[in-house]
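Chemist:
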Amino acid sequence: MLEVSKLSFSYNAGRADEVPALHTLDLQIDSGELLAVIGHNGSGKSTLAKLLVGMLQPTEGQIVVDGLPSTPSSIWEIRRRVGMVFQRPDDQLIANTVIDDIAFGPENLGLPRDEIEQRVREAVEALDLGGRINTQISDLSGGEKQRVAIAGVLAMRPNYMIWDEPTTMIAPQQARNLIALAHELREHTGVSIIHITHFMHEIVAFDRVVVMDGGRKVMEGTPREIFAEADALRAIGLNVPLVTELGRRLERRGIISAGTLIRNAELVEALRPKAAALPASEPRPEPREEAVPAAEQAEPLIKVRDLRFSYMAGTPLEQLALDGVDCEVYEGETLAILGGSQAGKSTLVEFFNGLRRAGKGHVWYRGRDVGESGFDLSQLRREVGIVFQQPESQLLEDIVGKDVSYVPRKKKLPPAESRALVERALTDVGLDYETYRLRYIYALSGGQKRRVALAGVLAADPKVLILDEPVAGLDPRGRSELADLIRKLSQRSGLTVVLVGNTIDELSELADRALVLHKGKVVRQGSLRQLLRHADDLHALGLALSEAAELALDLRTIFPNLPLDLLDLDELETALLAQGLAV
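When the letters of the sequence shown are read in order and numbered with the working numbering, they come out as residues -5 to 577.
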């Protein structure tokens, strides 16, 4: 058993800039238990994880692992028993090849060679890495790197594994596979898994859920018990699965009586008798595809033609990323660029502001070829700002206010003007200026770092804002606030926005147009509704649908005429009632 008693922790404890993170937390984790920990950004989840694995020492309270108190003198034994998988696998992958990285931990335990080989074989088999053991770490996808990181921890045979938001940076199908793996590991090894996440649908399959807010444990119970308290969750910035809320609405209408639903299949079964009682209906014709007007301008702001690019071109390791891409971005519009893992999305947008130069193909900005002699790349990069998929890669200073003011200071703006820009940018992204301006970057959560990175780009006053996987690391409230911010910026300043993602979510729903990339090609484009009418195709391309469309796809097994071009809960409820449901 892992026991936490009266645990408290503050960053910079005892100093004037002390930041409390945990307050008198009590928690018990049983052997072989699957525990999910949820909470908004800054609620203390990652701090708790670092304390459990011994990366931090408590300000007050105690941690006991299988009867062994966690103290500086017992730290190595604690880390043998409690392993941690970080949000970014690159933070813990050390060796050059897969097999060497998995063996690294057992080797550092000083185990005999035959024991190391046995543990590596077991970990490779558990994570299905047999075909990749001699592969270079640099050649792996994000999902494969995550599996290698888990295998490396598993090879040390810990009693407890902490997964700190491991699905944030990987594709939806890879995330589903990872959650299924938690059950397999528990069944085959008996390990306990503590899964920290923002995604409510991921915790459905766990034994128990702990909800944190303000560094305190505020709720605890099974997933069904937790989701039954939907109003309490919303009060602290979290939500419930869409199927849970739809079930509540249908129950209030007297259509079903099934209690708290947490899986799509449960709603399908609850509605099956109602669907069977309905008269047969003629198949509903799919809506006619209509062209989406891109913009009224004759010339796009950014135009790409026949763009081709390969990583490590000319070597045996050459990897094609873009294969003849044509696309446009029009001034004042919001464009979503969607696709699964390794579709080429991030590579494409790096050409939009000259971070990459076209060798084959052309990129124009305001009618000028970016590759021509004399083109002002500095001006392009000032006007086209990118918030990268991993915000840590663009945080250059150690203090929030100093980082956000980086570009204004480079422009040599007067201090008062620079301060005003920084204050507005932090306020826009939901960070109070006085609270955060002197806070250290290292003390921020992943979601807070993403907000600071966005504030730094906004402080540069760009004309085009590119957000690469913008909701990664953000809690439900943060995602909603970011969507509101994009709406506000577009209305206030006519900002052109490009949203990059692998899921149709609340941000991509803001898009005037969307295009889908697959294996470096543009394979579909149009409005989101047009794309959703081809839901099966989108799944095959590795793209996750909106929750409403995913549920509609499942409900189509009993309501064949249910439309799929649904963007939210209200639209799904209306469409479902239109099938003829009644009390």
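In this text, a Cβ means the ideal position worked out from N, Cα and C, and glycines have one as well.
Mapping DSSP to helix, strand and coil, what is Phe369?
Modeler: Three-state DSSP puts Phe369 in coil, outside helix and strand.
Chemist: Strictly by DSSP, which residues pair up with Asp158?
Modeler: For Asp158, which the question treats as bridged, DSSP gives the partners Ile190.
Chemist: Report the partner residues of Ala529 according to the DSSP bridge assignment.
Modeler: None; Ala529 has no bridge partner.
Chemist: Candidates Gly334, Met213, Leu265 and Val319: which alpha carbon is nearest Ala169's?
Modeler: It is Gly334.
Chemist: With a cut-off of 8 Å, do at least 3 Cβ pairs link the stretch 41 to 58 to the stretch 106 to 117?
Modeler: Contact between the stretch 41 to 58 and the stretch 106 to 117 is absent, because fewer than three Cβ pairs lie under 8 Å.
Chemist: What does a CB cutoff of less than 8 Å around Pro456 pick up in its chain, not counting 5 residues either side in sequence?
Modeler: Arg376, Glu377, Val378, Gly379 and Leu489, listed in sequence order.
Chemist: Arg202 and Leu42: beta carbons closer than 7 Å?
Modeler: Going by C-beta atoms, Arg202 is not nearer than 7 Å to Leu42.
Chemist: Could you give the residue range of the beta strand (DSSP E) that holds Gln313?
Modeler: Its beta strand (DSSP E) spans residues Gln313 to Val323.
Chemist: CB Glu12 to CB Ser2, shorter than 7 Å?
Modeler: No.
Chemist: Span of the alpha helix (DSSP H) holding Val262?
Modeler: Start and end: Asn258 to Ala271.
Chemist: Identify every residue that forms a DSSP beta bridge with Leu459.
Modeler: Looking at the DSSP assignment, Leu459 forms a beta bridge with Gly379 and Val491.
Chemist: Apart from the five residues just before and just after Gly308, which ones in its own chain have a Cβ nearer than 6 Å to its Cβ?
Modeler: Hits under 6 Å: none found.
Chemist: Output yes or no for whether 7 Å exceeds the beta carbon distance between Asp317 and Lys515.
Modeler: Yes, these two residues count as a Cβ contact at 7 Å.
Chemist: Taking only the alpha-carbon atoms, compute the straight-line gap between Ser304 and Val394 and give it to the nearest angstrom.
Modeler: Cα to Cα, the separation comes out at about 36 Å.
Chemist: Beta carbon of Gly638, beta carbon of Gly38: below 7 Å?
Modeler: Outside the modelled stretch of the chain, which goes from -5 to 577, sits residue 638, for which no answer is possible.
Chemist: When we look at the beta-carbon of Ala149 and count the other beta-carbons within 10 Å, is it buried (16 or more) or exposed?
Modeler: Ala149 is buried by the Cβ-count criterion.
Chemist: Using a Cβ-Cβ cutoff of less than 8 Å, which residues in the same chain neighbour Met194 once the five nearest sequence positions on both sides are dropped?
Modeler: For Met194, where only same-chain residues beyond five positions count, the Cβ hits under 8 Å are Ile32, Phe221, Leu232, Asn233, Val234, Pro235 and Pro470.
Chemist: Look up Val512 in the DSSP assignment and say whether it is helix, strand or coil.
Modeler: First, the residue type needs correcting, since residue 512 is His and not Val in the sequence shown. Looking at His512 - three-state DSSP - the assignment turns out to be strand.
Chemist: Please state the DSSP three-state secondary structure of Pro557.
Modeler: Three-state DSSP puts Pro557 in coil, outside helix and strand.
Chemist: Terminal residues of the continuous alpha helix (DSSP H) containing Gln442?
Modeler: Residues Gly440 to Leu452.
Chemist: Any chance the stretch 509 to 529 sits against the stretch 328 to 345, with 3 or more Cβ pairs inside 8 Å?
Modeler: Segments in contact, yes.
Chemist: For Glu54, which option in Ser387, Lys0, Gly368 and Pro63 has the closest C-alpha, if you only look at C-alpha atoms?
Modeler: Cα-wise, what sits closest to Glu54 is Lys0.
Chemist: Given this structure, state the Cα-to-Cα distance separating Glu293 from Glu325, to the nearest angstrom.
Modeler: If you take the alpha carbons of Glu293 and Glu325, they lie about 9 Å apart.
Chemist: Pick from Leu525, Leu172, Thr497 and Asn496: whose alpha carbon is nearest that of Arg507?
Modeler: The residue with the shortest Cα to Cα distance from Arg507 is Leu525.
Chemist: Among Ala7, Ala89 and Leu87, which residue has its Cα nearest to the Cα of Leu50?
Modeler: For Leu50, the nearest C-alpha among the options comes from Ala7.
Chemist: Fully enclosed by the stretch 80 to 160, which beta strand (DSSP E) runs are 3 residues long or longer?
Modeler: Counting whole runs of 3 or more residues, the stretch 80 to 160 contains the beta strand (DSSP E) stretches 154 to 158.
Chemist: Measuring alpha carbon to alpha carbon, tell me which of Ile498, Leu311, Leu556 and Ala145 ends up nearest Ala97.
Modeler: For the residues Ile498, Leu311, Leu556 and Ala145, the minimum Cα distance to Ala97 belongs to Ala145.
Chemist: When the Cβ atoms of the stretch 418 to 429 are set against those of the stretch 180 to 193, are three or more pairs found closer than 8 Å?
Modeler: Result no; under three Cβ-Cβ pairs closer than 8 Å.
Chemist: CA-CA distance, Asp102 and Ala176?
Modeler: Going by the sequence as given, residue 102 is Asn instead of Asp. Roughly 25 Å between the two C-alpha positions.
Chemist: Can you list, in chain order, the residues of its chain whose CB lies under 6 Å from that of Pro573, leaving out five sequence neighbours each side?
Modeler: Looking at the sequence provided, one finds Gln at residue 573 rather than Pro. Taken in chain order, the residues that qualify are Phe553.
Chemist: Give me, in chain order, the residues of the same chain whose beta-carbon lies closer than 6 Å to that of Leu459; leave out the 5 immediate sequence neighbours on both sides.
Modeler: Correct list, in chain order: Gly379, Leu489 and Val491.
Chemist: Please determine, among Gln442, Leu556 and Ser412, the residue with the shortest C-alpha to C-alpha distance to Leu389.
Modeler: Nearest option by C-alpha distance: Gln442.
Chemist: In chain order, what residues of the same chain have a beta carbon less than 8 Å from the beta carbon of Leu100, not counting five sequence neighbours either side?
Modeler: The displayed chain sequence assigns Pro, not Leu, to residue 100. Contacts found: Glu109, Ile110, Arg113, Val114, Ala149 and Met150.
Chemist: Check whether the Cβ atoms of Ile249 and Leu575 lie closer than 7 Å to each other.
Modeler: Contact flag set, yes.
Chemist: Hey, quick one: how far does the alpha helix (DSSP H) through Arg180 stretch, first residue to last?
Modeler: Its alpha helix (DSSP H) spans residues Pro166 to Thr183.
Chemist: I'd like the list of long-range same chain contacts for Asp320, defined as Cβ closer than 7 Å, with 5 residues on each side in sequence excluded.
Modeler: Only Val298, Arg299, Asp300 and Val516 meet the Cβ criterion.
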